[in-house]
Structure formats: C-alpha cells, structure tokens
Amino acid sequence: MPELPEVETTCRGIRPRLVGQVINSIVVRQPQLRWPIPREIQTAVGQTISSVERRGKYLLIATTGGTILMHLGMSGSLRLASPEQEPGKHDHVDIGLEGCLLRLNDPRRFGAVLWHTGPIEDHPLLLKLGPEPLEEAFDEQHLWRLSKGRRQAVKAFIMNGHIVVGVGNIYASEALFRAGILPHRQAGRISKNRYQRLSQTIREVLQEAIAQGGTTLQDFTNSDGQPGYFAQELLVYGRENQACVSCTKAIKMKVIGQRASYYCSNCQS
DNA sequence: ATGCTAACCTGCGCGC
DNA sequence: TGCGCGCAGGTTAGCA
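Each residue of the first sequence is one higher than the one before, starting from 7 at the first, in my numbering.
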C-alpha cells in the first residue's frame with residue numbers, strides 16, 4: 007500500500023501529536039510481522055519522543071533512549087485513536103501516549119516494528135539506502151553513474167532502495183511514462199539526458215502525490231482516516247487496455263521483476 | 001558485484 | 001452462495 011508519499015503523509019500527520027509526548031505503554035497483540043517485534047521495544051516505555059522522521063519508507067520515532075523503527079509494508083497504516091476505541095482484527099500494536107494512542111494496523115503483516123539504540127543511521131536496514139529522491143544528492147549524475155554496466159530493467163533499477171529510496175511500483179510506472187522511457191529498457195543503456203528527465207519526473211510525481219495526500223487504491227488512509235487523492239492523477243498505473251492520455255493507444259502491461267508495469271509503447275521508447 | 005526468485009501474509013474480486 | 005485462483009502499494013535473504 008504505502009509508497010513514499012503515503013509514508014510522508016502519515017509522518018506529517020502523526021508528528022505534531024507525538025513529539026514531546028511520553029510513551030506510557032506499548033501493547034503488542036501480534037508480534038509476528040516481517041520480523042518478530044523484539045521484547046526490547048518495551049524499553050521505549052517511559053521515554054519521551056524527541057522527533058518523528060521518515061527515511062525512505064521507514065518511519066523513525068526517536069526517543070531519549072532509542073528509536074522505534076517502523077515500516078508499513080504492503081498493507082500497513084497508522085492511526086491516532088482514543089484509548090477507548092476497541093482494537094480491530096489487524097490492529098497489532100498500540101503505542102499509548104497521554105490521552106491518545108498510535109495504532110498500527112497491518113492485514114498482511116509485511117510491516118515491521120523494531121527498536122534500535124545508538125545512532126539510527128547505523129541501523130543495518132538504513133545503512134545501505136540510496137539518497138532521498140526529494141533531496142539534493144539525487145540527480146541525473148547519481149542515476150547515470152550507478153547505472154553504468156547494469157543490464158537490469160530501468161524500472162527495477164529505480165525501485166532498488168540502494169539506488170534511490172521511496173520509488174515504489176505505482177510511481178515507478180508513472181515517472182517512466184512522464185519521462186518517455188520504456189520500463190524494460192536496460193538501465194545501463196540509457197543516456198544521461200534521459201536520466202536528467204527521469205530524475206525530474208521522479209521528483210515531480212512524488213511531490214505531486216504528497217501534495218494530494220498520497221494515493222488511495224483500496225484502503226490507504228492517512229493518520230486521520232482520510233483517503234489520498236492522487237489515484238485520479240495516475241496516467242498509466244492500473245490502466246491496461248485503456249487509452250493513453252497522450253496518444254490514445256492502448257496502455258500495455260508487462261511483469262518486470264515480479265511487479266506489474268504499465269506503459270505506452272507509443273509514447274515511451 | 002549483479003540479478004533473479006522465493007518468501008513472508010491476508011483479503012478481495014472474478015469466473016465458474 | 002461458495003470455491004479456487006490470481007493478484008495486490010515492499011523488501012530481504014539466498015542462491016546462481
């Protein structure tokens with residue numbers, strides 16, 4: 007479910023309610039997520055939250071004694087709820103604050119809740135991540151340099167978190183369409199000029215999606231339970247056999263790296 | 001080093 | 001109605 011814009015929307019939504027608050031309790035109903043939730047997570051109880059940040063699709067809730075590292079996987083979402091609200095079927099974790107709680111819901115359980123002491127940037131899951139697509143370090147130079155000699159499809163290349171973080175399946179197809187590049191083109195055989203265009207369209211789609219509050223396909227809601235509105239802006243994703251918005255030719259679908267990829271064979275080359 | 005595959009799970013929509 | 005199938009927004013581990 008959540009790509010970078012959805013995680014960013016969530017992060018912005020929960021931050022004002024969390025920073026400065028003391029964690030009163032952590033209730034784990036289902037510890038079996040992507041990795042088991044460690045017992046040490048209870049160390050966070052009694053600590054004060056100092057910041058709520060995003061790195062790629064990871065949410066980092068920093069406290070005075072360590073950091074809660076969360077990932078929403080494919081189907082996770084966070085809600086701010088009142089302590090009286092009964093937990094639902096897939097409400098696996100509650101982080102209790104003063105007067106409210108942060109509740110993790112994740113039907114497929116591909117998400118993660120981990121605890122890390124020491125500098126969070128040293129966490130093994132974050133250590134090898136590529137640059138943030140909306141920050142300076144990400145540009146055509148970066149893509150061009152790392153693509154050298156790579157025979158992998160460019161779509162898989164930009165979805166690789168070690169290259170650049172936060173480009174998920176929806177936005178990868180969208181960015182490639184806007185850049186006029188076929189998703190199955192080999193990464194190492196794309197010109198620097200085209201990477202210039204691609205780095206631009208990646209930033210563009212992500213920024214627009216954040217401005218719209220994320221994309222709601224089935225069930226994404228922000229921390230207030232509101233849906234995102236980017237779905238109506240999607241030009242190719244999920245539009246197989248429909249007319250291309252630019253040339254009216256039928257949109258095609260091809261599985262690349264186990265993921266459905268949508269493109270226009272006329273507008274992209 | 002690179003790149004592909006399986007794996008982790010549940011829910012939903014579709015065709016029969 | 002019910003059942004089986006295929007598919008879904010992510011990412012890592014493991015192997016060639």
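Note that CB positions come from ideal geometry on N, CA and C, so glycine has one too.
Every value quoted in this text rests on a predicted model; they were computed, and no experiment measured them.
Looking at the structure shown, is residue i part of a helix, part of a strand, or coil, going by DSSP?
i    : result
T254 : coil
Q192 : strand
T123 : coil
P42  : strand
I164 : helix
A249 : strand
L24  : helix
S271 : coil
R35  : coil
E138 : coil
V261 : strand
V58  : strand
A237 : helix
A50  : helix
What are the start and end residues of the beta strand (DSSP E) that includes residue i?
i    : result
A87  : S83 to A87
I217 : Note that residue 217 is Ala in the sequence shown here, rather than Ile. Taken as a continuous stretch (DSSP letters only), A217 belongs to no beta strand (DSSP E), being part of the alpha helix (DSSP H) at K198 to A217.
Residue i: which of the options sits nearest, CA to CA?
i    : options                   : result
Q206 : R191, I187 and R195       : I187
E14  : H129, R200, R191 and Q218 : Q218
I47  : H96, I67 and S56          : I67
L39  : T54, R18, R115 and Q53    : R115
Y64  : L152, T16 and G102        : T16
I55  : G124, C270, V25 and A118  : V25
Q192 : R156, N175, A178 and Y177 : R156
K258 : A185, R18, Q248 and I32   : Q248
P8   : D100, L149, H98 and N175  : N175
N272 : E239, A185 and L131       : A185
F144 : H98, P37 and I164         : I164
G124 : T69, L140 and C106        : T69
Q27  : H96, D97 and L107         : L107
A178 : K154, D97, A266 and I32   : A266
P42  : V99, G244 and G19         : V99
R200 : D97, N111, K95 and Q274   : Q274
Q264 : R23, G194, A162 and E214  : A162
A215 : Q202, E127, G244 and F236 : F236
H96  : P37, K154 and E127        : P37
G194 : Q202, Q213 and K154       : K154
I262 : G244, Q158 and I196       : Q158
Find out if the Cβ-Cβ distance for the pair residue i, residue j is shorter than 8 Å.
i    : j    : result
E246 : V211 : no
N30  : E138 : no
R109 : V58  : no
I10  : G167 : Per the sequence shown, the amino acid found at residue 10 is Leu instead of Ile. Against a cut-off of 8 Å, the Cβ pair of G167 and L10 comes out as no contact.
P93  : R35  : yes
C113 : S81  : Inspection of the sequence shows that residue 113 is occupied by Pro rather than by Cys. It is a contact, given that the beta carbons lie within the stated cut-off.
L182 : V160 : yes
H122 : G52  : no
E146 : K198 : yes
K260 : H190 : yes
G117 : L78  : yes
H129 : L75  : yes
V251 : Y269 : no
L132 : R61  : yes
R209 : L140 : yes
L152 : L204 : no
V33  : G102 : yes
Which residue comes first and which comes last in the alpha helix (DSSP H) that contains residue i?
i    : result
N175 : N175 to A185
I169 : Careful: I169 lies outside any alpha helix (DSSP H) and carries neither H nor E.
R151 : E146 to S153
P130 : P130 to L133
Q: Identify every run of the beta strand (DSSP E) within the region 67–120, keeping only runs that are complete inside it and at least 3 residues long; order them along the chain.
A: If we require 3 residues or more, the beta strand (DSSP E) runs fully inside the region 67–120 come out as 72–77, 83–87, 97–102 and 107–111.
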